[in-house]
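Those protein sequence lines, which keep their order, are chains X and U. Each position in the first sequence, counted from 1, maps to that position plus 2 in our numbering. Each position in the second sequence, counted from 1, maps to that position plus 8 in our numbering. Beta carbons: idealized from backbone N, C-alpha and C, even for Gly.
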Amino acid sequence: MLVYVLRRLGWSVVVFLTTLLITFGLMHAIGGTPFNASESSSVPLAAQWRLEAYYHLDQPWPVQFAVYLWHIVRLDFGPMLSYRDASLTPVMKEAVPISLQLSGLAAAVAVVLGFPLGIGAALRRGRATGALLTVLATILLAVPVFLFAELGRDYVAATPLATTGWGSLRSMWLPVLVLALAPAGYVARLVRAGVVEALGEDWVRAARAKGLRRGRVVLVHVLPGALTPFLAAAIPMLALLITSAFFVEQIFRIPGAASLFIESADRRDYPAILGLTAVLALLVVLAILAADVAAAALDPRVREARR
Amino acid sequence: MIRRLGGDLLRSRAGLAGLALLLAVAGFVVLVPWLWGPDADTIDFAVAKQPPSGAHPLGTDFFGRDLLARVAAGGRESLGISCAALAIVLAFGFLYGAAAALLPPRLDAVLMRLVDALLAVPRLPVIVIVLVLFGLNTSAFTVVVALSVGGWMIPARLVRLELVALRQRPFVVAARSVGVGPLRLVRLHLLPNTLGVLLVAAFLELPTLVLSEAFASALGLGVNPPTPTWGNIAYDGLDEARAWQVFLPSVAIAVFTIAANLVADGIQESLTPGGTTWRGRSGPGTGVERAVRALFGRPRRPAEAG
Chain X
3 MLVYVLRRLG
13 WSVVVFLTTL
23 LITFGLMHAI
33 GGTPFNASES
43 SSVPLAAQWR
53 LEAYYHLDQP
63 WPVQFAVYLW
73 HIVRLDFGPM
83 LSYRDASLTP
93 VMKEAVPISL
103 QLSGLAAAVA
113 VVLGFPLGIG
123 AALRRGRATG
133 ALLTVLATIL
143 LAVPVFLFAE
153 LGRDYVAATP
163 LATTGWGSLR
173 SMWLPVLVLA
183 LAPAGYVARL
193 VRAGVVEALG
203 EDWVRAARAK
213 GLRRGRVVLV
223 HVLPGALTPF
233 LAAAIPMLAL
243 LITSAFFVEQ
253 IFRIPGAASL
263 FIESADRRDY
273 PAILGLTAVL
283 ALLVVLAILA
293 ADVAAAALDP
303 RVREARR
Chain U
9 MIRRLGGDLL
19 RSRAGLAGLA
29 LLLAVAGFVV
39 LVPWLWGPDA
49 DTIDFAVAKQ
59 PPSGAHPLGT
69 DFFGRDLLAR
79 VAAGGRESLG
89 ISCAALAIVL
99 AFGFLYGAAA
109 ALLPPRLDAV
119 LMRLVDALLA
129 VPRLPVIVIV
139 LVLFGLNTSA
149 FTVVVALSVG
159 GWMIPARLVR
169 LELVALRQRP
179 FVVAARSVGV
189 GPLRLVRLHL
199 LPNTLGVLLV
209 AAFLELPTLV
219 LSEAFASALG
229 LGVNPPTPTW
239 GNIAYDGLDE
249 ARAWQVFLPS
259 VAIAVFTIAA
269 NLVADGIQES
279 LTPGGTTWRG
289 RSGPGTGVER
299 AVRALFGRPR
309 RPAEAG
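Below, the structure is given as structure tokens:
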């Protein structure tokens, strides 16, 4: 197990470094010297100097990359372009935790909504209820998230039940719910597929033949079998959450990382975009690592058979 | 093969429904701008923000533009962009997959590791970054490029899997043993045999591309206004807090997504007689699951190792 974890960890580090190398390369691709005043006159001269000093632009690029890495490791993301004196780190320290909170809560809600939906759809398969639940899950996935967000903002956030922004319970429940909808649909489809398969297995038939109650069969015998593929779905779910967060944060005026990303994109604030990308990459890599390790912990075949 | 495929598709209920829906959307998008009177870009403030009426069955937007015309014209733009991106994605995916399958195993491993890593990256931020690199001076062309950058990995992987299986088949071995070079081998023997996989990849990838385009546009980063796309119409609706105007393109997108997935399911079934090809622990999955997997990377199935 330890060897497996270490190997996955090594792979994660390689992936993360590669991503950073790509973002670093992109940074350089934006013009030979990225902060050349003649090319982007919108950058104030003072900010330019700060950037040149920060990125050691008078050094060869391997040195620059090493410097960049060293900065990232210390969570120092350098200056922003959009605000004259702002450095990115404190801005990110405010925005990133908000997004993590939002998506963490949404992931939990998605599981809470998706599991019953998927189990119900599987147990009632071939009947009207089952079809209805399956259609519901499909709709949650196929309808673009901005429609749900807009409906929530127009019809619920306008009432005393909820507000926009972030911080109080009154402002948090609605965006969390909207953000959870598409992942909930995804979880439901996965759980349904897993449960349908498990229902056909011998051990489930044996459990039912023993005369166990239905609830116990589902909880104790069916669900654990459906759990491993569910873990493997962590990555698509993370991606769904991130994609949806872009809209949810914008529409409900939540000052999170996705809002910051879009704002920076609008203002062509390259350092901010790349800093956020680095954080995003770290998040994705960690999620993959966690999912892999959890899968290995649950299923010995995984840790033994991997090359 | 195509004829058999058509027959199978027409026999499967889901495939037939999907095909009919797709044709309906295509017909709507092609015929409405042609037959319907009001133009998508004609501004008339006298009729701004109207609810549905006889003259404007779907109402009008902030500028008094007819929403029926705009949703249809927007669909034409969105689907056009997505199809162009699809062509690039399939072509590049095929070349990459073929290269991986035919190169020495060591290089193959490196290439596929790269695909694994890229698949884990969420698509929307990548698309936004590419659009920003173009300076947000967004035309249909830049959107096509951005979508392509985010979407070639699944076709590449599917093609490689198929070619690795084909590589050991007698006819390929025979061709190689009589000295057929790699390019000729790909063109005459391998490409024709991957058409089925490419077709599945196309229908899985298409809704993803449409959705990605809509997301980018709805963030205000897509094709510049006044060109309507489904995402642009939604963006205006979000801007003015008009749920109705967000609802219309959303429904169009949802219908298209579901239809394309149904067709992909039908094709898949037709290509793999007897139902499923493999019984992974997560099961073969339904179309939407596969679309999500295609969109955001495949769940890494532990069973693959066993």
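Residue-level contact check: G88(U) does not touch chain X, since none of the beta carbons of chain X fall below 8 Å from its beta carbon. Looking at A200(X), T131(X), V287(X) and G277(X), the one whose alpha-carbon comes closest to that of A236(X) is V287(X).
Neighbours of T245(X) across chain U, judged by C-beta separation under 7 Å: P130, L132 and F223.
In the three-state scheme derived from DSSP, where H, G and I count as helix and E and B as strand, T146(U) is classed as coil.
Proximity of chain X to V157(U) at the Cβ level (cut-off 9 Å) is not reached, the minimal Cβ distance being about 12 Å. Per DSSP, the beta bridge partners of S89(X) are P81(X).
Identification of residues in the region 247-277 of chain X having a C-beta nearer than 8 Å to some C-beta of chain U yields F248, F249, Q252, I253, F263, I264, A267, D268, R270, Y272 and I275, given in sequence order. With 16 or more other CB atoms across the displayed protein chains lying within 10 angstroms of its CB, M120(U) is buried. Here P81(X) is buried: its Cβ has 16 or more other Cβ atoms, across all protein chains shown, within 10 Å.
One finds nothing in chain U with a Cβ atom closer than 7 Å to the Cβ of P99(X); even the nearest lies about 19 Å away. The beta carbon of L75(U) is closer than 8 Å to those of H64, L66, G67, T68, D69, I241, Q253 and L256 in its chain, skipping five residues each way along the sequence. The beta carbon of E221(U) is closer than 7 Å to those of S86, I89, S90, V151, L155, G230, T237 and G239 in its chain, skipping five residues each way along the sequence. For D74(U), the secondary structure class from DSSP, reduced to helix, strand or coil, is strand. Counting only residues of its own chain and dropping the five nearest sequence neighbours on each side, S14(X) has a CB closer than 6 Å to the CB of V287 and L291.
In the DSSP assignment, Y157(X) falls outside any alpha helix (DSSP H) and carries neither an H nor an E. Judged by their CB atoms, D268(X) and R10(X) are not nearer to each other than the 8 Å cut-off. Between A283(X) and A190(X), the C-beta spacing is not below 8 Å. In chain order, A249 make up the part of chain U whose C-beta sits under 8 Å from the C-beta of R155(X).
The continuous alpha helix (DSSP H) containing V138(U) extends over residues R131 to L141. Distances from the CA of K95(X) to each of F79(X), A247(X), I264(X) and T20(X) were compared; the closest alpha carbon is that of F79(X). A distance below 6 Å between beta-carbons, with the five flanking residues on each side excluded, links R168(U) to the following residues of its chain, in chain order: G105, A108 and A109.
For V136(U), the chain X residues whose C-beta falls within less than 9 Å of its own C-beta are F248, F263, I264, A267 and I275, listed in chain order. Between A280(X) and L22(X) a beta carbon distance of about 6 Å is seen, short of the 8 Å cut, so the two are scored as contacting. Separation of D204(X) and G196(X) (C-alpha to C-alpha, rounded to the nearest whole angstrom) is 15 Å.
Within 10 angstroms of the beta-carbon of A110(X) lie fewer than 16 other beta-carbons, which makes it exposed. Take V123(U), set aside five residues on each side of it, and the residues of its chain with a beta-carbon closer than 7 Å to its own are M161, A164 and R165, in chain order. Across the region 254-273 of chain U, CB contacts with chain X closer than 7 Å involve V254, F255, S258, I261, A262, T265 and I266, in sequence order along the chain. Counting C-beta atoms within 10 angstroms of its own C-beta, D52(U) has fewer than 16 neighbours from the protein chains shown and is therefore classed as exposed. Look at the beta carbons and you see the region 139-153 of chain X touching the region 240-259 of chain X: at least three pairs across the two are nearer than 8 Å. For I244(X), the uninterrupted alpha helix (DSSP H) run begins and ends at A236 to I253, by DSSP. About 6 Å separates the beta carbons of L104(X) and L181(X), which is inside the 8 Å limit, making them a contact pair.
Excluding five sequence positions before and after I253(X), the CB atoms of its chain that fall closer than 6 Å to its own CB belong to A151 and R155, given in chain order. Nearest to N201(U) by alpha-carbon distance, out of A28(U), F102(U), L31(U) and T265(U), is F102(U).
Close CB contacts of V147(X) within its chain, under the 6 Å cut and outside five residues either way in sequence, are with A184, S246 and F249 (chain order).
Flagged as an interface residue toward chain U: I237(X), by a C-beta distance shorter than 8 Å.
Interface with chain U (8 Å Cβ-Cβ cutoff): V286(X) is included.
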